[in-house]
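These notes concern the structure reproduced below.
Chains as they are written, first to last, in this note's numbering: chain W, 6 to 658; chain Y, 22 to 102.
Following this line, the structure appears as structure tokens:
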């Protein structure tokens, strides 16, 4: 993978300064330690930091076409580049390199923005078209790779990470209050918003054009659950899914460097690893995180899978202290408040994988969203059943099946579990039915917002605003499909692929690849009948059935355990807070930064210190408040851009 | 005893807040103040501070869902000890 950045003076014929571009790209050298380049052409400048994966010697960027009228800076991989290149060669295009980047340049020459529909990959790129005087940018369909932009002082800036924009020294740094409102409700910001004021991201599945000072956004792809094609029977679907996954995995092994795989111990990563082993010749190294806290540890399953496949397996041991110590640096990479510490062990894992000589790793993200793996889908099904038949006596038993991995939840009485789920949340005509309980629980944590923050928030409901982001006809879809759409379009890019994915793996120059997120797999799964995905309460049923020959029974039959790591416990040692935690959560710091109420935070802090925070809500509040404070400290209070690795930046033109 | 219960609820579930935010007869569930795991914290509090064990069948809103019913429940159990 790589890092990109650029600046475009919109109104004046001012030249873009090379120094500015250098500052921007240096800040994301972790994304591309192998080389860097800048290109300027009057009022436009493009910059690139390279992580060499395909065509190690030839693929320098920014890169151009034969007559230098099209220039690209590209972060990503186009997995079907070989097939696309063959077609382009037949049409008479000439290639200078063996890279996938050059394929986009020539495709764009021929098709312009329409080239996007042909790309099978994960990408964020910017193309400068000298003939049309137009800047064209695009982001992949699911939001695997990041792309941020802003307009300031008559110039348009873009970059892979927000820190790049700030590193230019020309952008104001301020938190966006409504973003906090969104994160403390939805767990993520609603695209195109970010945590920072006036900083935006290109939404997944969108492209953006800047021409004559005007910005135009266009959606080129959306997740579609309105299936009109004939339905395959179950047997055929199993075969089709397997074939698609084999091909998707095969394509994602294309690299001139070694490729590894993550094993979480769960079904999805086990499936990917089994596919690599059984259908390719790649010798397999696998990597996992093991936790000191046995409530979160899945290492027996990870090792079982590694043994079953005969992989060379490596694991890191993650202690509470590891999480606490590395949290601030992880926030520097993540660039937004988070409500869980789960990204941090993955931050540490990517360091191990990178040190072991790998630049690419395959992982199982996406299966839960597409094939109905998450508990929220079961919840939705159960709640819907309860709402339709309120006098049913099988209700209590169903509710007990939820969250079997949480002992605290199991111990509660039936009355409380029922009350929690049924409370005012039985409106089946509500388009957002599936997500209300999560949002309601999380929103309780706004009790910690300062009066100032509360006052600055719009009084209109952000949940109603969220409805505006949904496609036409959404309310007519089945509730299960609606839940899947909301998760896949929001939590997946807004948290899983970013905070837990790209940001923490690229922090250590490691590129993640996701076979389940091949757009053909995505489209195939979206068209499946819902009962292929969840049979009764058996989640990811089709996947389990189609892959059961390749995955040990114990793993295939495992109850769903979402990936979690110890939260508030990670920040206290022997009843005392880790140093920086005590400082940023102190009453003076809380009051100074102004987002939260010092007295409320003090109560929460004491509760966590005494080990009394056993529920999701308190832990989310703690991690959310801590990460917001750190974000302010690292980006707003002062901002120290990296100044290393700026001596090997090539002036390409 | 009522003061102790009130303080616990305010500190642990309202994280401060003014008296007006929760009246003695307000339902915790309806107000969304105490969620399902919060109930377990409450049970631990009752055990540690009043020496009362809450049996499984007593884990119902009728006994625990407001400051008033909590106080009544604790008083009742204490007289039986």
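Glycine residues also receive a C-beta, built at the ideal position from the N, C-alpha and C atoms.
Every value quoted in this text rests on a predicted model; they were computed, and no experiment measured them.
Residue 99(Y) carries a helical assignment under DSSP once its states are collapsed to helix, strand and coil.
Under the three-state reduction of DSSP output, residue 113(W) falls in the helix class. Taking a cut-off of 8 angstroms for Cβ pairs, the stretch 586–597 of chain W and the stretch 621–638 of chain W touch, as three or more such pairs fall below it.
Restricted to the stretch 52–140 of chain W, the beta strand (DSSP E) segments that are unbroken, complete and at least 3 residues in length are 75–83 and 126–134, listed in chain order. Chain order gives no chain Y residues near residue 440(W), where near means a beta carbon separation below 8 angstroms; the closest approach is about 16 angstroms. At a C-beta separation below 7 angstroms, residue 62(Y) has these neighbours in chain W: 617 and 619. A buried status is given to residue 380(W), since no fewer than 16 other beta-carbon atoms sit within 10 Å of its beta-carbon.
Cβ neighbours of residue 25(Y) within its own chain (closer than 7 angstroms, five residues either side excluded): 70.
For the stretch 24–39 of chain Y, the residues whose beta carbon sits under 8 angstroms from a beta carbon of chain W are, in order, 32, 33, 35, 36, 37 and 38.
Sorting 89(W), 107(W), 100(W) and 99(W) by C-alpha distance to the C-alpha of residue 124(W) places 89(W) at the top. For residue 216(W), no alpha helix (DSSP H) run applies; the uninterrupted beta strand (DSSP E) run containing it begins and ends at 211–216, by DSSP. For residue 608(W), the nearest beta carbon of chain Y is closer than 8 angstroms to its own beta carbon.
Under the Cβ distance rule, residue 72(Y) does not count among the residues neighbouring chain W, no pair being separated by less than 8 angstroms.
Just so you know, the alpha carbons of residue 38(W) and residue 349(W) end up roughly 22 angstroms apart. Under the three-state reduction of DSSP, residue 297(W) is assigned to coil, being neither helix nor strand. The beta carbon of residue 605(W) falls within 8 angstroms of a beta carbon belonging to chain Y, placing the residue at that interface. The beta carbon of residue 504(W) lies closer than 6 angstroms to those of 339, 343 and 348 in the same chain, with the five residues before and after it left out. Burial check for residue 325(W): the Cβ neighbour count within 10 Å reaches 16 or more, so the residue is buried. Separation of residue 171(W) and residue 493(W) (C-alpha to C-alpha, rounded to the nearest whole angstrom) is 29 angstroms. According to the DSSP assignment, residue 655(W) belongs to no alpha helix (DSSP H) but to the beta strand (DSSP E) extending over 654–656. Remark: C-beta atoms of residue 142(W) and residue 160(W) do not approach each other more closely than 8 angstroms. A distance below 8 angstroms between beta-carbons, with the five flanking residues on each side excluded, links residue 80(Y) to the following residues of its chain, in chain order: 60 and 64. Note: residue 38(W) is bridge-paired with 55(W) in the DSSP secondary-structure output. The residues 587 and 614, in chain order, have a CB closer than 8 angstroms to that of residue 581(W) in the same chain once the five nearest residues on each side in sequence are set aside. For residue 624(W), same chain residues with a beta-carbon under 6 angstroms away, outside a window of 5 residues either side, are 572, 573 and 618 in chain order.
By the neighbour-count criterion, in which 16 or more other beta carbons inside 10 Å mark a residue as buried, residue 114(W) falls on the buried side. Apart from sequence neighbours up to five positions away, the residues of its chain that approach residue 216(W) with a beta-carbon distance below 6 angstroms are 139, ordered along the chain. Sixteen is the threshold: since fewer than 16 other Cβ atoms of the shown chains lie within 10 Å of the Cβ of residue 300(W), the residue is exposed.
Per DSSP, the continuous alpha helix (DSSP H) segment holding residue 351(W) begins and ends at 348–360. Residue-level contact by beta carbon fails for residue 589(W) and chain Y, as no gap is shorter than 8 angstroms.
The C-beta of residue 211(W) has 16 or more other C-beta atoms within 10 Å across all chains shown, which makes the residue buried. In this structure residue 60(W) does not touch residue 82(W) by the C-beta definition: roughly 12 angstroms separates them, more than the 8 angstroms allowed. In the DSSP assignment, residue 283(W) falls within the unbroken alpha helix (DSSP H) covering 272–284. For residue 325(W), DSSP assigns no beta-bridge partner whatsoever.
With a minimum length of 4 residues, the unbroken runs of alpha helix (DSSP H) contained wholly in the stretch 130–198 of chain W fall at 167–172 and 182–191. Contact annotation: residue 358(W) and residue 284(W) have beta-carbon atoms that are not nearer than 8 angstroms.
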